Every structure is written in C-alpha cells, then in structure tokens.
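Worksheet: one structure, shown below.
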Amino acid sequence: MPDGCLICDSEKHALARACPRCKKILDRIETRKAADGTARRISKEARLRALQESWRDGAFHCHYTDVRLVTDPQRWRDHRDHRYLTFEHQKPGDEESVVVACALVNRMKTDLSDRQFRAFVTELAKTFAGGAFDERVFPEGKQPLPGEAP
Numbered sequence: 510m511p512d513g514c515l516i517c518d519s520e521k522h523a524l525a526r527a528c529p530r531c532k533k534i535l536d537r538i539e540t541r542k543a544a545d546g547t548a549r550r551i552s553k554e555a556r557l558r559a560l561q562e563s564w565r566d567g568a569f570h571c572h573y574t575d576v577r578l579v580t581d582p583q584r585w586r587d588h589r590d591h592r593y594l595t596f597e598h599q600k601p602g603d604e605e606s607v608v609v610a611c612a613l614v615n616r617m618k619t620d621l622s623d624r625q626f627r628a629f630v631t632e633l634a635k636t637f638a639g640g641a642f643d644e645r646v647f648p649e650g651k652q653p654l655p656g657e658a659p
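Here the sequence shown stands for residues 510 to 659, numbered as in the working numbering.
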C-alpha cells in the first residue's frame, strides 16, 4: 500500500487510503434524488478517478476552467466561493462521467451534456463579440448540434 494519500500523496493514517481532506471529499453524502425520486447512486470509483485527474500543483483544478478549487465546506455553505469543488456529470445522471468542476460551472451546466454545454458557451461568447447566436445549440432535443447528423 502506498505511504501517501492515493489522491494527493499527502500524509495519511497507516491504515487509511486517503488523507483527511481527500477522505472528506470522497465521503460526501449525496442528498439530491434521481429523476424517479429514489436516492441517487454514486460511484466512489468514478469520483476517486475524477479527484486524481484534477489534482496537480498542490490543488484540485476544475475540469472546464483549470482554476484552483476551494475545498473548505464552510465556504460552500455560505455561497461565498464559486470555486468550491463539486462533482459534475458530463452526461447528466451518468455517475461514471463525473469530473471535478467549480461550483459556478456546475450550476451553469446543470442539465446539459458536456457537448451541449461547450456549444452553448461558444455561441454565447460569439454574441459578446458582436456575432450572432446559433439557436440550434439550445438543448430542446429537436435539432442536432452544428456538425452532428440529424
């Protein structure tokens, strides 16, 4: 068994797999419900992979923005920091597609797949530069995204 935390390589108890900080993140309780009202299933393995992939330079980083994330739960409860570490599903409802993302991006992306989110944000940025918004990127399920087959 490795000497350090399996996520960040920090010091940990000899019998533990993760340091106290990473264990607290891995052990977060999922309070949201699935679409059918039942308890939402989580994959600790997928969340472990997401944390490992996001850890570098002594911090967790957002999958989408690469910003350093905050892990202090007090900052989340007070809604003071949009950089708080969250688990985000690249495919809504698919626990195996989970990545680490900042709270702000996670709230923005809530019901969009990774591809839909990227297309929408790209079109939105075009309007800020004076361009036109391609309405096909709205996730209404009626038209394919640009570059997709109907």
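Glycine included, C-beta positions come from ideal geometry on N, C-alpha and C.
Since the structure is predicted, the reported quantities are computational estimates derived from the model, not experimental observations.
Could you check where the alpha helix (DSSP H) with residue i kicks off and where it finishes?
i, result
"ALA559", "553 to 563"
"LEU633", "623 to 637"
State the beta-bridge partners of residue i as determined by DSSP.
i, result
"ALA548", "LYS542"
"VAL607", "HIS598"
"GLY567", "BP columns for GLY567 are empty, so no partner."
Once DSSP output is grouped into helix, strand and coil, what is the label at residue i?
i, result
"ARG526", "coil"
"ARG612", "The sequence as given places Ala at residue 612; Arg does not occur at that position. DSSP places ALA612 in helix when its eight states are reduced to three."
"ARG645", "helix"
"GLY640", "coil"
For the beta strand (DSSP E) containing residue i, name the first residue and the last one.
i, result
"GLU597", "594 to 598"
Under the assumption that residue i contacts residue j (Cβ atoms under 8 angstroms), give the Cβ distance between them as a whole number of angstroms.
i, j, result
"THR636", "PHE629", "Not confirmed; about 11 angstroms, so no contact."
"ALA543", "VAL607", "Incorrect: roughly 15 angstroms between the Cβ atoms, too far for contact."
"ASP620", "PRO648", "7 angstroms"
"SER552", "GLU605", "6 angstroms"
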